[in-house]
Every structure is written in C-alpha cells, then in structure tokens.
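Participant: Below you will find the structure I want to go over with you.
In the working numbering, the protein residues as written are -8 to 189.
Structure representation (structure tokens):
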C-alpha cells in the first residue's frame, strides 16, 4: 500500500511540475508577444473572425452591411474571445486599424481597445487580384508611418486573408493572427503565426 501511495505521490508531483512548466511557457510566450508589440517595428495582422462563405454577394455595398458576407454567431464569439486572449497576453493598450468591410469592423469593435480606425489600405482586393501589389505597397507605407508614432501601444490591423497572404506569403485561418516584424519601409522581415484562440 505504501509503495502505491508513494508512486501516486510521485506521479502527482510530476504532473504538477509539468503543468507549472506549461503555464510558464505560455506566460513567456504572452510576455514576448506583448513586449514585441510595444516596439516600433512590430505589428499584429489579424484575419477577421469566422464569416462563412467566400468573397461577397454580387452587388454588395461597403455602406450596407446587410449586402456583405458577415460574421456568424460563432465568428462573433471568436472575435470576443480573441480580444480576451490578447488582453490575457498582457496587451493592455492598442491602436486598432480595420478594413472597411463589416466583418473586419465587427471583429475589431469587440477586441476591447476602443474605437478602431477604418483603414482603406487594408481593404479586401479579393475581386481585384490585379491590385494586390498596390494594396501591399499601401500596407507597407502605413506600417512605416505608424510604427515610429504609435508609442508603446500594440499596432493591430484587422484585415483579410488575401492581404495577409500577399504581404507574408502564408495562408491563415479565420481569426488567426500573425506577429510581423517590418523594416523602415514597412517590408516584412519576419512573421510568427498565432492561431485563433477559438
């Protein structure tokens, strides 16, 4: 009986140690994200939360959300949880920019960092792929402008799959985030993907 209790006690100690190490790793990762986003040459690109479908309905209008592809119930919850996750990582202050599309604005609005700024440079070019290079250049220009002036606030840009793909060359899922490091011209140096917390 004593041997079995000792074994259980030893296993419990190992489990507690493993949980503590995992927690420390998560905390360190969170601190790293928050610390880097205080620097002038880092930003967080975020794909809008889940909005089922592809593209937008024919004849949609940016002035009328009812004509666009929008977040569903799961997407709205995903956006809220993403904001909670970001704050749990130590990101207390942020400058949030959003694409003019309603699914991006609805995502940005519930992150918990106040009123986001609508930024046409990160709008979707899904239906105008020939404009990809122009949009990416505009994104680079905005990063170069905002990086040195944002202070210690995190710079978060809520945008679309096509924009992130053209800027960094990788696919991201709905609600996924990418920590990007950029140079003085806003061009990509490095990228690290953070999957959606939902």
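Just so it is clear, CB atoms sit at the ideal spot from N, CA and C, and this is done for glycine as well. None of the values given here were measured: they were computed from a predicted structure.
Under 7 Å Cβ to Cβ from residue 56, same chain only, skipping five residues before and after it: list those, please.
Facilitator: As a working mapping, residue 56 is identified with position 65 in the chain shown. Result list for residue 56: 93, in chain order.
Participant: According to DSSP, is residue 87 part of a helix, a strand, or is it coil?
Facilitator: Here residue 87 refers to the residue found at position 96 of the chain shown. Shown here, residue 87 sits in a strand according to DSSP, grouped into three states.
Participant: Between residue 149 and residue 99, is the Cβ-Cβ spacing less than 8 Å?
Facilitator: Taking the first residue of the chain shown as position 1, residue 149 is located at position 158. Taking the first residue of the chain shown as position 1, residue 99 is located at position 108. The Cβ atoms of residue 149 and residue 99 sit closer than 8 Å to each other.
Participant: Take every Cβ of the region 168 to 178, pair it with every Cβ of the region 106 to 113, and state whether three or more of those distances are shorter than 8 Å.
Facilitator: no
Participant: Could you work out which residue in 80, 107, 23, 90 is closest to residue 54 when comparing CA atoms only?
Facilitator: Locating residue 54 in the chain shown gives position 63, where the first residue counts as 1. Residue 54 has its Cα closest to that of 90, out of 80, 107, 23, 90.
Participant: Would residue 22 and residue 74 be called neighbours here (beta carbons separated by less than 8 Å)?
Facilitator: Sequence index remark: in the chain shown, residue 22 carries index 31 (1-based). Sequence index remark: in the chain shown, residue 74 carries index 83 (1-based). Cβ distance not < 8 Å, so residue 22 and residue 74 don't count as in contact.
Participant: Could I get the ranges of all uninterrupted beta strand (DSSP E) runs contained in the region 75 to 155, with 3 residues as the minimum, in chain order?
Facilitator: As far as the region 75 to 155 is concerned, its whole beta strand (DSSP E) runs of at least 3 residues are 85 to 89, 145 to 150.
Participant: When DSSP builds the beta bridges, which residues end up paired with residue 183?
Facilitator: Along the chain shown, read from residue 1 onward, the residue named residue 183 stands at position 192. 170, per the DSSP bridge assignment.
Participant: Return the residue from the list 41, 49, 50, 143 that minimises the CA-CA distance to residue 64.
Facilitator: Within the chain shown, residue 64 is the residue found at index 73, counting from 1. Answer by Cα proximity: 41.
Participant: Determine, using beta carbons only, whether residue 50 and residue 58 come nearer to each other than 8 Å.
Facilitator: Reading the chain shown from its first residue, position 59 is the one you call residue 50. Reading the chain shown from its first residue, position 67 is the one you call residue 58. Cβ atoms of residue 50 and residue 58: closer than 8 Å.
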